[in-house]
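> Quick one: the structure is below, questions incoming.
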Amino acid sequence: DTAVSQTPKYLVTQMGNDKSIKCEQNLGHDTMYWYKQDSKKFLKIMFSYNNKELIINETVPNRFSPKSPDKAHLNLHINSLELGDSAVYFCASSQVPGGLYNEQFFGPGTRLTVL
Amino acid sequence: TQLLEQSPQFLSIQEGENLTVYCNSSSVFSSLQWYRQEPGEGPVLLVTVVTGGEVKKLKRLTFQFGDARKDSSLHITAAQPGDTGLYLCAPHTRGSNYKLTFGKGTLLTVNP
Numbered sequence: 118d119t120a121v122s123q124t125p126k127y128l129v130t131q132m133g134n135d136k137s138i139k140c141e142q143n144l145g146h147d148t149m150y151w152y153k154q155d156s157k158k159f160l161k162i163m164f165s166y167n168n169k170e171l172i173i174n175e176t177v178p179n180r181f182s183p184k185s186p187d188k189a190h191l192n193l194h195i196n197s198l199e200l201g202d203s204a205v206y207f208c209a210s211s212q213v214p215g216g217l218y219n220e221q222f223f224g225p226g227t228r229l230t231v232l
Numbered sequence: 010t011q012l013l014e015q016s017p018q019f020l021s022i023q024e025g026e027n028l029t030v031y032c033n034s035s036s037v038f039s040s041l042q043w044y045r046q047e048p049g050e051g052p053v054l055l056v057t058v059v060t061g062g063e064v065k066k067l068k069r070l071t072f073q074f075g076d077a078r079k080d081s082s083l084h085i086t087a088a089q090p091g092d093t094g095l096y097l098c099a100p101h102t103r104g105s106n107y108k109l110t111f112g113k114g115t116l117l118t119v120n121p
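Those protein sequences? They're chains A and B, same order as listed. So the number in our numbering is just where the residue sits in the first sequence, counting from 1, plus 117. So the number in our numbering is just where the residue sits in the second sequence, counting from 1, plus 9.
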């Protein structure tokens, strides 16, 4: 059984388009995250939701809008895609939002390519 | 602002060799996690260290947390091709507001 799943695995689109990435976790966790990993493998947090409430919102363009319809789902919608948005986007979840032993479980990633 | 440095950035070795990678900062951490990311996958937690000077072993991997809790090392004995991946350290600092900040990682390649 997949713990954290993302769709699609690959996404190739034109500049200016709007696209969404979906994430689901079946671990019963309260907290979910979106990370962006650039071409140099730098993994940086974008957003975090705890119990459907936004708790982390890093300096991300407002073209990026996360939505959490319930605790098990966190989707990412991106408007007006730009070349610089090309990256691998990872969804993750954890049982609690913080703490010393907070283990994050990552999805397999969505490779977004903007042409 | 916390500066987190992982070294080396790249490491390519032969099967059977030993290696050590490092995670350093000028900040004191409450805890630190090591994750491994295999090609095409998401990161997976290897270990969490909490106490200064703590040493944890996971088969051929040995993790150490510095006495001052500002740095950590990961030593791999007799590396195998299956150890290939990106090793990321992620410290947790008090008042970090739930954020897990990742280092830029060490990309390890173990050649058969």
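In this text, a Cβ means the ideal position worked out from N, Cα and C, and glycines have one as well.
For TYR166/A, collect the residues of the same chain with a Cβ closer than 6 Å to its Cβ; drop the 5 residues on either side in sequence, then sort them by chain order.
Answer for TYR166/A: MET149, SER185 and LEU191, listed in chain order.
> Does any heavy atom of the ligand SAH sit closer than 6 Å to the C-beta of SER35/B?
Ligands are entirely absent from the displayed structure, and the ligand SAH is therefore not among its contents.
> Taking any Cβ of chain A, which residues in the stretch 48 to 73 of chain B have a Cβ under 9 Å from it, in chain order?
Result list: GLY49, GLU50, GLY51, PRO52, VAL53, LEU54, THR57 and VAL59.
> Does the stretch 203 to 212 of chain A come close enough to the stretch 150 to 157 of chain A to have 3 or more Cβ pairs within less than 8 Å?
Enough Cβ pairs lie closer than 8 Å, so yes.
> If contact is defined by three or more beta carbon pairs under 8 Å, each pair taking one atom from either stretch, is the stretch 13 to 32 of chain B in contact with the stretch 128 to 144 of chain A?
Because the criterion of three Cβ pairs below 8 Å is not met, the stretch 128 to 144 of chain A and the stretch 13 to 32 of chain B do not touch.
> Quick check on the burial criterion: 16 or more other C-beta atoms within 10 angstroms. Buried or exposed for ARG69/B?
It is exposed - the Cβ of ARG69/B has fewer than 16 other Cβ atoms within 10 Å.
> Would you check if the distance between the CB atom of GLY226/A and the CB atom of GLY51/B is smaller than 7 Å?
It is a contact, given that the beta carbons lie within the stated cut-off.
> Just checking: is the beta-carbon of PRO183/A within a distance shorter than 7 Å of some beta-carbon in chain B?
False, the Cβ-Cβ gap to chain B never drops below 7 Å.
> Classify ASN196/A: buried if its beta carbon has 16 or more other beta carbons within 10 angstroms, exposed otherwise.
Looking at its Cβ environment, which holds fewer than 16 other Cβ atoms inside 10 Å, ASN196/A is exposed.
> Could you please tell me which residues of the stretch 124 to 143 of chain A, in chain order, have their CB closer than 7 Å to any CB of chain B?
Of all residues in the stretch 124 to 143 of chain A, none has a Cβ within less than 7 Å of some Cβ in chain B.
> From the beta carbon of LYS113/B, is the nearest beta carbon of chain A less than 7 Å away?
Output row for LYS113/B: interface = yes.
> Check each residue of the stretch 80 to 95 of chain B: if its Cβ is closer than 7 Å to any Cβ of chain A, include it; give the result in chain order.
So the close ones are LEU95.
> In terms of DSSP beta bridges, what is HIS101/B paired with?
Bridge partners of HIS101/B: SER40/B.
> Specify the secondary structure class of ASP92/B as computed by DSSP and reduced to three states.
ASP92/B: helix per DSSP, three-state reduction.
> Got a sec: is the Cβ-Cβ distance from GLY224/A to anything in chain B below 7 Å?
Output row for GLY224/A: interface = yes.
> Please list the partners that LEU117/B has in chain A, where partner means a Cβ-to-Cβ separation under 8 Å.
What LEU117/B touches in chain A: nothing, since even the nearest Cβ is about 12 Å away.
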